[in-house]
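Each residue of the sequence shown is one higher than the last, beginning at 6 in this note's numbering. We treat Cβ as the ideally placed atom computed from N, Cα and C, and that holds for glycine.
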Amino acid sequence: VLSQAQADLNALLGIQGEPEMVHHRHWSKAIPQYDLGYDQIFKTIDQIETAHPNLYLRGNYKTGISLTNCIESA
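Structure follows, in structure tokens:
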């Protein structure tokens with residue numbers, strides 16, 4: 006999965022090299038849902054990104070649960 010994603014990013018965007026960090030979670034039975042009170046997590050992520058201008062957190066935990074949301078935010 007990772008090697009295919011890297012190949013696709015290289016072909017589409019010219020991105021080469023190994024990623025600095027990778028975290029992959031496969032949801033085999035459902036689309037993940039945000040828990041009640043998740044808005045506080047969104048606020049914390051925004052505070053972390055504001056405090057560290059070169060840090061960008063992306064993934065379905067922040068930008069939407071669908072693959073399309075994740076691609077658009079990347």
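Tell me which residue opens and which closes the alpha helix (DSSP H) that residue i is part of.
i   : result
D40 : Element bounds for D40: n/a, residue is neither H nor E.
L62 : No alpha helix (DSSP H) contains L62, which DSSP labels as neither H nor E.
E77 : L72 to S78
A12 : L7 to L18
With distances taken between CB atoms, is the gap from residue i to residue j smaller than 8 Å?
i   : j   : result
H29 : L60 : no
N65 : P37 : yes
Q9  : N15 : no
L62 : I50 : yes
Would residue i pass as an interface residue toward chain D - the criterion being a Cβ-Cβ separation below 8 Å?
i   : result
T55 : Going by chain labels, chain D is absent from the structure shown, which holds only one protein chain.
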